[in-house]
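One structure is given below, encoded as structure tokens.
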């Protein structure tokens, strides 16, 4: 349930204020060069703290290899990586135990796990676990070879001028969301399957594993619902499958067609807003006023691009490993 | 790869112009009453042919139980259902073998399967296979008990007046897309998992198994990216988890929260448009003009609601079966 | 639950006295030549009827391709094959509904499926379903290329002279078991994984899917428990990994080592014996005398070799497809 | 590939001379009490060192909870446990890099992973990883409630007097194997599935994940192949399914029948024998004499019972969790 992938299978684990968060990858091919340094850029991109609107919480966030790496290469055995939680202040959360934070998983976690969940800072539901996704992405990107996965923020709070969108939120003393786009180039045609394991199915499955995502659209996306077929269809121009336009976003019939893969996702505003809110106190059964304590991002979308790249690379590396074997035996 | 579900596992198979299409369900509980009559309404809803804009092709489409049903009940053994293909006119397609239809899977199928694919009428990629999804949905809905899954068309070609949207397409001699919304009521809180098996992950995975879907959004969806956190957060109002608003669409932290589940999908315009188009002829290597032969829907979105309900019910029945066992042992 | 395989995934379905039994293979590579004729030899080997000790029930048992085959080749889409049940005499079983046959699954099926199971002739538990295993094996063997999988009966009722063993059973008016050995040649080293997906784990998993199997041993097997290490270890003789002896049966550390794979299985005596027996009548709650009606094999082991080859080939084809992709990407 | 289980899914990882070995359990129900103390007895049983014939290597082997445990209970989130490797002497192994040890996985690991494997002390193939299996077993046993899983050694080197068998090995300066039996009491009828997920399939799958196992037999096992049907069949005696005899070992048609589950396994002699042996040097291509360095068990079978109990409990806990949900929905 906390795993993803058929060949390159990633499991993530850990809690926001527990000892550590981490990941296990089962099925990573042997012989892939891998060092701590490989992770630094993407982990830094995820951290925030240097941008307006991101939380000042900092972790060293150096990956600790516990298994599967030997002499700076993957061994082919299961790979386990830990990130220690050093900078936790649980006291902030203890006192709010009976007050589920609006927009957070506190209420559903309590329902689902019968009160046994680690509730400190969101526990296992915390955005902290995205560091494990980013780490999986670092490895997955290596498996993609020369193919590139690049995500960028398109808008913040409805503004294409991102500084302006963020300043709006600061001025309103409120949190804000955004739109992030991902583009993949250099992959072969033929990845994905018709129906249940369509490339869109797998990509969206992985994307909605990122907290705070509310929508995804491929190629022209929702706008396609307002186009005529003759406008939307992409004319094939040559034997490589290159199309004149790319309304399909690089995926037709669930299968990559060799053109650029393009999709966009909607990130909701950070649930922890500086504004006062109301919520239930499940001990008293009363509605009460609620204000957020602790350190939080004004706009979680700012941290999303590197996480989006990571889950995208995970899906595509898995599909590439699967497709490798299809053509061989016969 | 053509299967979905952990407990209630559905496999679909078949080709548009082969002998039959069908499905296998492994993991359906024993003792569920099931007769041919149970399928008639939803299969009729999928058929089209009575509405403007849907194809005149008709199949009797009566389910044939090949295994897993005895004395009008499920036995607990794998359930296999066939739908025979009676009304096929392969000749329409044979002559276009070298000309991949724009917007269709012809090109990618050829790339992926090395020319071995059954290319007649889209073969395994055909929308014909959605009859198998609908059949799985009929059974899944039964497992949901009193919970309801209802999908409706919100707009056609950008028009909320659906007749008008369709008439636009007819007037333009072109195909058109639409937006479909799904609402689920009566399910308990607690379904889904954090991260990889979030309810949104599983629902979107299944939804993108439906041909022609280009986007999905939950609750407020893409609009959430333009809201402030204080607007978007849903205040919890009582001990059942009922929220004052439902911007989250009934899912928080990947888990259902007991409120109505709401999501919308974008359906692209039918790839087979009456308008002339251009595409590659992969034998000659030349671009040539192309016009669609055969029977086709002007607006495939008209057929989508019952299919959307089906895949939604499949996901939720599976989650319900999974959740059943969580609470029992301890 | 009724599926096996990670890439070459086989699902079997059907009941002894239902309409049909069959199988679905998801993940069979495209382009594999496949005709009805390919199945005839192995299906004939399974049938019995020509040998002393096997049941006179005969089915035409011609495979009917319902999906996934086009122009006499696999398409890469899910492959469905049916075998119709033509020669059923349900009346034999109806009257024994309340009397679970000793050694058969009648009692456990009733417990597990709450009385909803198809009880006629063992229903889904019937040995009839091994025809679906044999069919999967025909396809799997093709995927193994020049590698060979050969199973032979080593003894019947403790006798290496098989005719004599069988005659003993006939003379005693009783059923009898046997030992069957399987040998695989021509496979590369490197198939299987350490621990959970060891080659022995997967082979034994598949082997115990055959009804009536009570044990399996690899290489020297149980006798290894009585050897010294210096006797049991196989000295490696050359760079190909060829060993001087083959006590390991071709598998070390869960991985094939390139030598012949050898294992043996124990087949219990047919549960349906001509001898009178006692069992419970669950309506009366009384023990009563019981004698078998219908057509049955005296020695089911006679039919096992081709089924054993089939499940062995399934496992190894899957491992070969998996291993193909491991070496490629890097 | 390094995971097992459908609901209670266990992944093991680590290397003999790496930083640690460990496990991840995904799907453990929330609210199970769990402390370090719970592990001590079974880990002590596995250690050896106090018995004649077991290696003097000692580890503290205290489990370190890295995720999934909070306030001494499972949270329902993925559970990760590490065991640190403190007592490693890699130097023993470095010099033998080019000389694959007979009976060990050195050769196949090199073939499979292209020389990237961690070869020190067997790396990921080491028996050291069975500590992770034992830990999974501790948790699985808790899920079984009042049901008991007990494994015992039946013979050592062919001797039922175990001391004598071991002394034989010591006297011969050689290693030796053994037979271990496992018995399970207190489980309900109905666990397991017909065919691919038969209780025997799953148990044998898990059992062959233990290094050095060469065979498994259920109930009467191989001896069943020499019995008549009227002898082997177990007469059902009452409405609970209790049988007069238990030749079936508690499993019929792949399903538990409520009687005691009984099976035996063959453990080969420890590959690392004090006796001189021959093997290939793959650098020189020459056969050379070889003698074992380092610390090793004379009879690995002595450590197997607690590991066998562990994998057995894992399988049965998973089947119990699966079966829970079958009966509920309808």
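Chains as they are written, first to last, in the numbering used here: chain A, 425 to 754; chain B, 425 to 754; chain C, 425 to 754; chain D, 425 to 754. Backbone N, C-alpha and C define an ideal beta-carbon position, used for all residues, glycine too.
Candidates the options: closest to residue i by CA position
i: residue 485 (chain A); options: A:696, A:553, A:492 and A:596; result: A:553
i: residue 456 (chain A); options: D:538, D:730, D:584 and D:434; result: D:538
i: residue 426 (chain A); options: D:557, D:501 and D:427; result: D:501
i: residue 623 (chain B); options: B:654, B:494 and B:739; result: B:739
i: residue 535 (chain B); options: A:613, A:604 and A:628; result: A:613
i: residue 447 (chain A); options: A:495, A:454 and A:508; result: A:508
i: residue 567 (chain D); options: D:442, D:712 and D:458; result: D:458
i: residue 653 (chain D); options: C:525, C:441, C:531 and C:439; result: C:525
i: residue 551 (chain D); options: D:430, D:736, D:724 and D:606; result: D:724
i: residue 608 (chain B); options: B:582, B:596, B:643 and B:621; result: B:643
i: residue 610 (chain C); options: C:597, C:627, C:680 and C:560; result: C:680
i: residue 734 (chain C); options: C:632, C:520 and C:503; result: C:632
Chain-ordered neighbours of residue i on chain B, where CB pairs are closer than 9 Å
i: residue 506 (chain C); result: 490, 504 and 506
i: residue 432 (chain A); result: Within 9 Å Cβ-Cβ: nothing; residue 432 (chain A) doesn't reach chain B, min ~13 Å.
i: residue 441 (chain A); result: Within 9 Å Cβ-Cβ: nothing; residue 441 (chain A) doesn't reach chain B, min ~15 Å.
Cβ neighbour criterion (16 or more within 10 Å) applied to residue i
i: residue 466 (chain A); result: buried
i: residue 694 (chain C); result: buried
i: residue 721 (chain A); result: buried
i: residue 742 (chain B); result: buried
i: residue 488 (chain C); result: exposed
i: residue 750 (chain C); result: Only weak support is given to the placement of residue 750 (chain C): the predicted model assigns it a pLDDT of 46, under 50, and the value that follows is read from those uncertain coordinates. Buried is the call here.
i: residue 584 (chain A); result: exposed
i: residue 450 (chain A); result: buried
i: residue 682 (chain B); result: buried
i: residue 745 (chain C); result: buried
i: residue 667 (chain B); result: buried
Min CB distance residue i to chain A below 8 Å
i: residue 548 (chain D); result: yes
i: residue 654 (chain B); result: yes
i: residue 697 (chain B); result: yes
is_contact[residue i, chain B] using C-beta, thresh 8 Å
i: residue 536 (chain A); result: yes
i: residue 718 (chain C); result: no
i: residue 545 (chain A); result: no
i: residue 669 (chain A); result: no
Within chain A, partners of residue i - CB distance below 7 Å
i: residue 448 (chain D); result: 435, 437 and 448
i: residue 690 (chain B); result: 641, 645, 646, 648 and 649
Contacts that residue i makes with chain A (C-beta to C-beta distance below 9 Å)
i: residue 455 (chain D); result: 537, 538, 539 and 540
Contact with chain C by residue i, beta-carbon distance below 8 Å
i: residue 701 (chain D); result: yes
i: residue 736 (chain D); result: no
i: residue 740 (chain A); result: no
Cutoff 8 Å: residue i Cβ touching any chain D Cβ
i: residue 494 (chain A); result: yes
i: residue 498 (chain A); result: yes
i: residue 745 (chain C); result: no
i: residue 553 (chain C); result: yes
Nearest-angstrom Cβ-Cβ length linking residue i and residue j, presumed shorter than 8 Å
i: residue 692 (chain A); j: residue 616 (chain A); result: Not quite, the Cβ-Cβ distance comes to about 28 Å (not below 8 Å), so this is no contact.
i: residue 548 (chain D); j: residue 499 (chain A); result: 7 Å
i: residue 532 (chain D); j: residue 703 (chain D); result: Contact flag wrong, Cβ pair sits at about 13 Å.
Neighbouring residues, chain B, relative to residue i (Cβ below 8 Å)
i: residue 721 (chain A); result: Here the premise fails: no neighbours, minimum Cβ distance about 10 Å.
i: residue 426 (chain C); result: 450, 501 and 502
Partner residues on chain C for residue i, Cβ-Cβ distance less than 9 Å
i: residue 444 (chain B); result: 490, 491 and 504
Interface partners of residue i on chain C, CB under 7 Å
i: residue 756 (chain D); result: Outside the shown range of chain D, which is 425 to 754, sits residue 756 (chain D), and nothing can be said about it.
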